[in-house]
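Numbering that gives the first Met the number 0 puts the sequence shown at residues 0 to 83.
C-beta atoms are modelled at their ideal positions from N, C-alpha and C, and glycine is treated no differently.
What you are looking at is a predicted structure, and each value in this text was computed from that prediction instead of being measured.
See below for the structure under consideration.
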Amino acid sequence: MSYDTELVCSRKITFSIEDGIVKSVEFKEGCRGSLQGIGKLVEGMPVSEVIKRLKGIDCRGKGTSCPDQLAKALEKAYEAKAGT
Numbered sequence: 000m001s002y003d004t005e006l007v008c009s010r011k012i013t014f015s016i017e018d019g020i021v022k023s024v025e026f027k028e029g030c031r032g033s034l035q036g037i038g039k040l041v042e043g044m045p046v047s048e049v050i051k052r053l054k055g056i057d058c059r060g061k062g063t064s065c066p067d068q069l070a071k072a073l074e075k076a077y078e079a080k081a082g083t
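As structure tokens, this is what we get:
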């Protein structure tokens, strides 16, 4: 799955979810080391836990951040799956 980000340095997030667990996360552009670290930290975590931990994190008063965008991407994917 992929998600086009808004208002952050990263332009896109690609990720996979299997049985409610985050399997992989990759950010396109942005702070490479930090975003690779976030991806590795959330791999293997339940989607709901990642959303709970990352949702609402703000970067420089933008009202969002790369971690918050990941939470939004996961929420959107989870909602889409629930709707099918």
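message = Could you check whether phenylalanine 14 and leucine 53 sit closer than 9 Å to each other, using their CB atoms as the reference points?
response = Against a cut-off of 9 Å, the Cβ pair of phenylalanine 14 and leucine 53 comes out as no contact.
request  = Can you give me the Cβ contacts of lysine 27 inside the same chain, cut-off strictly under 8 Å, excluding the 5 residues immediately before and after it?
outcome  = Closer than 8 Å at the Cβ level, and outside the excluded window around lysine 27, lie Ser9, Arg10, Lys11, Ile12, Thr13.
ask   = Quick one: what's got a C-beta closer than 7 Å to valine 41's C-beta in the same chain, skipping five residues either side?
value = The beta carbon of valine 41 is closer than 7 Å to those of Val21, Val24, Val49 in its chain, skipping five residues each way along the sequence.
ask   = Quick one: what does DSSP say serine 33 is sitting in, helix, strand or coil?
value = Note: serine 33 maps to helix in three-state DSSP.
ask   = Does DSSP put serine 64 in a helix, a strand or coil?
value = The answer is coil: DSSP assigns serine 64 none of H, G, I, E or B.
message = Distance check for glycine 62 and cysteine 30, CA to CA, integer angstroms please.
response = Those two C-alpha atoms are separated by around 18 Å.
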